[in-house]
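Q: Take a look at this one; I'll ask things after.
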Amino acid sequence: MKIATWNVNSLKVRLPHLLRYLEADTAPDILLLQELKCQTDDVPRADIEALGYHVEAVGQKTYHGVAIISKQPISVVLRHLPGDETDEQARYLEADIAGLRVAALYLPNGNPVETEKYPYKLGWMARLADRAATLLAEDRPFLLGGDYNICPTDVDLYDPVGWRDDALVRPESRAAFRRLLNLGLTEAFHALHPHAAHVYSFWDYQAGAWQRDNGLRIDHLLLSPALADRLEACEIDKEPRGWERASDHTPVWCRLREVA
DNA sequence: ATGCCCGGAACGTCCGGA
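For what it's worth, the working numbering labels the leading residue of the first sequence as 1373, then goes sequentially.
Next up, the structure:
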């Protein structure tokens, strides 16, 4: 079972890339998408279904939007992260697939930190921790994957000093991410590559960041204990970031051992 | 310095069809 996450930065613009990714013989069984930047009804589901995948999405006009694409049927559990009924941003989709609970999430960026955007980010992370605690208490195998907009440590970005005060790096942001892990979740890439440094999943469009490898590692796959026991591989696939008219993010994937 | 690039929305212009 291969599960991937990819912030496509506009599903409409990136549809050819998505189809190319899904057509490859290395295609994932489950793909979590972020930043659809389109309404739910405008998701090009027929193009995706034609490749043998199921699609579920929660979108909105212009901003955000997440989706789950799967070879096996998807049973949606939640279309919003619980804990704030006034939050209408399309950032969370949780579903059951083949006995597995999976969530696609697009965690708020949080910049600029002196605005209400930063407390919104931290509040969203607290709600995510509450949700993870609930899933852990239910003792079910689950994966929370997506664009976390968090560089967990200083080796996860090219210029820690320059970015010190950024919402992706600040101590409060990292502490909130650690609280999530400390509930008992395993960040897949770090678990299998504990000494990896300067391996990224995002490169800004500006200032030749991709060419200079000035990146950030902000896309993560978090596993429940039962799934962490099944983790056999996790990699960042840099290839799609090099394609023409690429997203600024590239896919991160993991492979889970099949259970007997 | 705070843009650099890119996307969408809105708008403007051009083009093809009627």
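Glycine residues also receive a C-beta, built at the ideal position from the N, C-alpha and C atoms.
For Ile-1446 versus Ile-1420, is the C-beta spacing smaller than 9 Å?
A: Reading the first sequence from its first residue, position 74 is the one you call residue 1446. Reading the first sequence from its first residue, position 48 is the one you call residue 1420. Not in contact: Ile-1446 and Ile-1420 (Cβ atoms no closer than 9 Å).
Q: Applying the criterion that 16 or more other CB atoms from any shown protein chain within 10 Å of the CB defines a buried residue, is Gly-1431 buried or exposed?
A: Translated into positions along the first sequence, residue 1431 becomes position 59. The residue in question, Gly-1431, is buried, as its Cβ has 16 or more Cβ neighbours within 10 Å.
Q: Give the secondary structure of Tyr-1520 by DSSP, where H, G and I count as helix, E and B as strand, and everything else as coil.
A: Within the first sequence, numbered from 1, the residue matching residue 1520 stands at position 148. Tyr-1520 falls in the coil class under three-state DSSP.
Q: Taking 9 Å as the threshold (C-beta atoms), are Leu-1599 and Phe-1514 in contact?
A: Translated into positions along the first sequence, residue 1514 becomes position 142. Translated into positions along the first sequence, residue 1599 becomes position 227. Yes, they are a contact pair.
Q: Grouping DSSP H, G and I as helix and E and B as strand, with all else coil, what is Trp-1575?
A: Residue numbering aside, residue 1575 sits at position 203 when the first sequence is read from its first letter. Three-state result, Trp-1575: strand.
Q: Could you compute how far the alpha carbon of Lys-1374 sits from the alpha carbon of Arg-1627?
A: The residue labelled residue 1374 in the question sits at position 2 within the first sequence. The residue labelled residue 1627 in the question sits at position 255 within the first sequence. If you take the alpha carbons of Lys-1374 and Arg-1627, they lie about 4 Å apart.
Q: Only counting the same chain, and skipping five residues up and downstream in sequence, which positions put a Cβ closer than 6 Å to that of Asp-1526?
A: Along the first sequence, read from residue 1 onward, the residue named residue 1526 stands at position 154. Only Pro-1532 meet the Cβ criterion.
Q: Any chance you could list the beta strand (DSSP E) runs of at least 3 consecutive residues sitting entirely within the stretch 1560-1614, in chain order?
A: 1591-1595 and 1603-1608
Q: Would you kindly work out how many angstroms separate the C-alpha atoms of Val-1427 and Leu-1588, rounded to a whole number?
A: To locate residue 1427, count along the first sequence from 1; it is residue 55. To locate residue 1588, count along the first sequence from 1; it is residue 216. In a straight line, the C-alpha of Val-1427 is about 28 Å away from that of Leu-1588.
Q: In chain order, what residues of the same chain have a beta carbon less than 6 Å from the beta carbon of Cys-1328, not counting five sequence neighbours either side?
A: With the chain represented from 1373 up to 1632, any question about residue 1328 goes unanswered, as that position is not in the structure.
Q: Distance check for Ile-1608 and Leu-1408, CA to CA, integer angstroms please.
A: Position 36 of the first sequence, counting from 1, holds the residue named residue 1408. Position 236 of the first sequence, counting from 1, holds the residue named residue 1608. Going from the Cα of Leu-1408 to the Cα of Ile-1608 covers about 20 Å.
Q: Whose C-beta lies closer than 6 Å to the C-beta of Leu-1383 among residues of the same chain, with five residues either side of it excluded?
A: In the first sequence, residue 1383 corresponds to position 11, counting from 1. Answer for Leu-1383: Leu-1408 and Cys-1410, listed in chain order.
Q: In whole angstroms, what separates the C-alpha of Ala-1539 from that of Trp-1496?
A: Locating residue 1539 in the first sequence gives position 167, counting from the first residue. Locating residue 1496 in the first sequence gives position 124, counting from the first residue. Between Ala-1539 and Trp-1496, the C-alpha separation is close to 13 Å.
Q: Rounded to whole angstroms, what is the Cα-Cα separation between Arg-1392 and Leu-1555?
A: The residue labelled residue 1392 in the question sits at position 20 within the first sequence. The residue labelled residue 1555 in the question sits at position 183 within the first sequence. Between Arg-1392 and Leu-1555, the C-alpha separation is close to 37 Å.
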